[in-house]
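**Q** Residue numbers (my numbering): 1 to 194. Backbone N, C-alpha and C define an ideal beta-carbon position, used for all residues, glycine too. Next up is a structure, given as structure tokens.
See below:
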């Protein structure tokens, strides 16, 4: 398409240059205007279309976070706060402000109670661990007993097989002995016959 448009323009320019002297100026201006119009009608090169951006993948829905269990120190602190709140009504009948020695004594008693509770909790945790260990040991012992029973059963089966083999050997020996006796009897009968 571009060649079909450019070819008349080139021919028109060539003809204008060749016959420039023989024609009038108006004809020359007309041809130049026509040439400009043709040049304006030339299609401009279109820019290449930009590649469309790839659609971004949709974000996967995040799973709902599972509620995490509270750690042990947090539980202990909550328990201690609960105990302190329970012990506060006992202090309400006391006259306020308290003297300093009595206040210190109460704080020491509360701290001792808290320490005792902590020790009790630790002992409970140790007991739970010991119970778990004992359960594991019992399971191991049960497994060992089952293995021992299986071994005993295998030994009994082997003993039974050995007894059966001994009986078969005794039967074979008895058959051989009877065959020998029969052979000797036949020899004696043949000796007496001849």
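Can you tell me the Cα-Cα spacing of residue 139 and residue 131, whole angstroms?
**A** 12 Å
**Q** Could you check what DSSP says for residue 99 in three-state terms: helix, strand or coil?
**A** Residue 99: coil per DSSP, three-state reduction.
**Q** Can you tell me which of the three DSSP states residue 194 falls into?
**A** It is coil, neither helix nor strand.
**Q** Distance, Cα to Cα, residue 142 vs residue 134?
**A** 12 Å
**Q** Who are the Cβ neighbours of residue 46 in its own chain at under 6 Å, not counting the five residues just before and after it?
**A** Low local confidence applies: a pLDDT of 49 at residue 46 is under 50, so the model's placement there is unreliable, and no value is given.
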